[in-house]
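**Student:** Counting along the sequence shown from 1, when you hit position 191 you're at 869 in the numbering used here, and nothing is skipped either side.
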Amino acid sequence: MAENDEKNRNQSEDIEEKKKDEPSRQFYIPSQIVDGFGEKGRDHLSKPFRAQFLLALTAGSFMTFGAVFSILLSEGVETKGLFHLLAGLGFAAGYSMVFISGAVLFTEINVLLPSYLFNKSGLMKGNIYKFWASTYIGNLIGAFLVAVLIELSGSFSSTFYPELTMYLENKMKFMDHGVLGWFQVLISGILANWLIGMAAFLTTAARDITGKILGTMLPVVLFVAGNFQHSAANMGYFSMGFLVSDKYTWYEYIFFNLVPASIGNLIGGAILVSLLFSYAYKEDIQTDLGRK
679 MAENDEKNRN
689 QSEDIEEKKK
699 DEPSRQFYIP
709 SQIVDGFGEK
719 GRDHLSKPFR
729 AQFLLALTAG
739 SFMTFGAVFS
749 ILLSEGVETK
759 GLFHLLAGLG
769 FAAGYSMVFI
779 SGAVLFTEIN
789 VLLPSYLFNK
799 SGLMKGNIYK
809 FWASTYIGNL
819 IGAFLVAVLI
829 ELSGSFSSTF
839 YPELTMYLEN
849 KMKFMDHGVL
859 GWFQVLISGI
869 LANWLIGMAA
879 FLTTAARDIT
889 GKILGTMLPV
899 VLFVAGNFQH
909 SAANMGYFSM
919 GFLVSDKYTW
929 YEYIFFNLVP
939 ASIGNLIGGA
949 ILVSLLFSYA
959 YKEDIQTDLG
969 RK
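(1) Look at the Cβ atom of residue 712, then the Cβ atom of residue 931, and state whether they are nearer than 9 Å.
(2) Please name the residue or residues paired with residue 784 in a DSSP beta bridge.
(3) Report, in whole angstroms, the separation of the C-beta atoms of residue 947 and residue 871, which I expect to be a contact under 8 Å.
(4) Taking the continuous alpha helix (DSSP H) assigned at residue 708, which residues delimit it?
(5) If contact is defined by three or more beta carbon pairs under 8 Å, each pair taking one atom from either stretch, is the segment 883-893 in contact with the segment 919-934?
(6) How long is the line joining the alpha carbons of residue 933 and residue 882, rounded to whole angstroms?
(7) Excluding five sequence neighbours on each side, which residues of the same chain lie with their C-beta closer than 7 Å to the C-beta of residue 901?
(8) By Cβ distance, which residues of its chain are closer than 7 Å to residue 935, with the 5 residues on each side in sequence left out?
(9) Find out if the Cβ-Cβ distance for the pair residue 742, residue 819 is shorter than 9 Å.
(10) Over the uninterrupted alpha helix (DSSP H) stretch that includes residue 973, give me the two end residues.
(11) Among 807, 811 and 729, which residue has its Cα nearest to the Cα of residue 780?
(12) Restricting to runs no shorter than 4 residues, where is the alpha helix (DSSP H) found entirely within the segment 798-847?
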């Protein structure tokens with residue numbers, strides 16, 4: 679009996695020793711990611727309003743930088759696959775700056791706040807909806823301010839603007855379909871923020887800067903290539919378009935694209951990412967968000 683106990687003890691020690699020799703896991707598991715979403719949503723809500731709004735302005739500015747970079751990288755490229763890849767890589771730079779800096783993007787909040795709310799009672803607190811609205815407005819203002827600065831700088835050559843017009847036409851083509859087009863933008867918005875929600879998911883999973891950038895890049899390239907309508911991304915394109923092109927008016931940008939895209943983005947992020955994973959991993963979530 680004593681010999682068996684000794685043998686079992688030695689085996690346990692061997693197992694523990696092997697575990698010490700194994701490399702640590704380089705990513706977080708899904709339940710930890712969902713838990714992290716909820717904590718991040720709670721942290722955003724706890725910030726003073728001035729910090730929330732400034733971070734929203736910053737995120738919006740990164741969207742315009744991303745939109746501009748996507749055009750600059752893909753300018754003059756005729757091969758469709760390469761064109762989409764370069765455009766997606768350009769926009770991934772904007773999203774990487776958002777995710778890594780902690781800036782507040784409306785479409786990311788559509789994932790983070792529901793992850794917090796699904797694990798907490800009392801959903802009707804006014805500060806939550808005030809934060810949601812101020813984030814959207816802050817993103818829009820930030821995107822427009824950077825567009826103004828870029829135009830004042832006179833940095834781009836004349837070849838940039840025909841490329842921008844092509845992007846705008848691609849985003850606004852649904853307007854020709856009437857009411858059907860409005861709902862097509864909404865559905866496209868669902869798909870767009872499903873992908874951006876997964877970009878946030880993969881970015882949160884990574885434990886180093888390289889992994890976070892790669893995790894951001896893959897879904898962003900896909901949503902850009904698919905021309906899925908992402909309200910925050912479109913704010914960057916439309917801010918530039920409003921300043922340099924008279925083909926579309928500001929209310930056409932807003933009511934025929936941003937409004938339905940934003941509704942779709944909310945559905946895609948809240949239901950297809952946040953609710954889906956929160957429910958699937960409910961028993962595994964470590965942090966009791968309901969008590970925090």
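We treat Cβ as the ideally placed atom computed from N, Cα and C, and that holds for glycine.
**Tutor:** Working from what's here:
(1) Stepping through the sequence shown from its first residue, residue 712 is reached at position 34. Stepping through the sequence shown from its first residue, residue 931 is reached at position 253. No, the Cβ-Cβ distance between residue 712 and residue 931 is not below 9 Å.
(2) Position 106 of the sequence shown, counting from 1, holds the residue named residue 784. Residue 784 is not bridged to any residue.
(3) Position 269 of the sequence shown holds residue 947. Position 193 of the sequence shown holds residue 871. Their Cβ separation, rounded to whole angstroms, is 4 Å, which keeps residue 947 and residue 871 in contact under 8 Å.
(4) In the sequence shown, residue 708 corresponds to position 30, counting from 1. Where residue 708 is concerned, the enclosing alpha helix (DSSP H) stretches over 708-724.
(5) no
(6) Counted from its first residue, the sequence shown places residue 933 at position 255. Counted from its first residue, the sequence shown places residue 882 at position 204. Distance between the alpha carbons of residue 933 and residue 882: 33 Å.
(7) For the purposes of this step, residue 901 is identified with residue 223 of the sequence shown, where counting begins at 1. Here the set comprises 870, 873, 874 and 908.
(8) The count along the sequence shown starts at 1 and reaches residue 935 at position 257. Excluding sequence neighbours, residue 935 sits near 849, 850, 863, 907 and 912.
(9) Sequence index remark: in the sequence shown, residue 742 carries index 64 (1-based). Sequence index remark: in the sequence shown, residue 819 carries index 141 (1-based). Against a cut-off of 9 Å, the Cβ pair of residue 819 and residue 742 comes out as no contact.
(10) Because the chain spans 679 through 970 in this model, residue 973 falls outside it and cannot be assessed.
(11) Reading the sequence shown from its first residue, position 102 is the one you call residue 780. The option with the nearest alpha carbon to residue 780 is 729.
(12) 804-831
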